[in-house]
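Take 2 as the starting number for the sequence shown in my numbering and just add one per residue. Even for Gly, the Cβ is constructed at its ideal location relative to N, Cα and C. Please read the structure below before turning to the comments.
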Amino acid sequence: MRDKYKDICIEQGWEIVGSPYVSLSTTLESGHEFCFILKDNETFSQRLVDSYVAFDVDQYIFGQIEQYRRDGKPFPSFKELLKDAEEIQDKMQKLMAAILAVDAFKKEGKI
């Protein structure tokens, strides 16, 4: 992973783990943690865009409910899960925009 990408991730509150796969995680306002994996460092920005586009709010909510059921824990309200999903989308969008800006500057020879 490029150093500039790492800097951006850290500045925006994402933890980075891994090699050769990169796992990005962040803690949401609710205290829940969200994590996703990018498989290829060479195409980090494209993998990030793909992950952002593929993120589905409904799927996230139902997946969380299913996970709580499997763990035998009471799950949060739909409203809280929706708020988490929207926060995830927002954080991923901000990260994606910053990474794509780096790519654009690099393409233009500005960095």
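Nearest to residue i (by Cα), restricted to the options the options
i	options	result
Tyr6	Lys108, Met97, Asp91	Met97
Lys95	Ile17, Val18, Glu12	Glu12
Close Cβ partners of residue i (< 8 Å) along its chain, the five nearest in sequence each way excluded
i	result
Ile66	Phe76, Leu82
Gln90	Tyr53, Phe56, Val58
Ile100	Tyr6, Ile9, Phe45, Ser46, Leu49
Residue burial classification, residue i (beta-carbon count within 10 angstroms, cutoff 16)
i	result
Val23	buried
Phe63	exposed
Ser78	exposed
Phe106	exposed
Residue i, DSSP secondary structure in three states
i	result
Phe35	strand
Leu25	strand
Glu30	coil
Residues of its chain near residue i, where Cβ-Cβ distance is below 7 Å and the 5 sequence neighbours each way are ignored
i	result
Glu30	Glu88
Asp85	Leu29, Ser31, His33
Any chain C beta carbon closer than 8 Å to residue i
i	result
Phe63	Among the chains of the structure shown, chain C does not appear; only one protein chain is present.
Neighbourhood of residue i by C-beta distance below 6 Å, restricted to the same chain and skipping five residues each side
i	result
Gly14	Thr27
Gly73	none
Enumerate, from N- to C-terminal direction, the unbroken beta strand (DSSP E) stretches of 3 or more residues contained entirely within the segment 33-111. Fully enclosed beta strand (DSSP E) runs of 3 or longer: 34-39.
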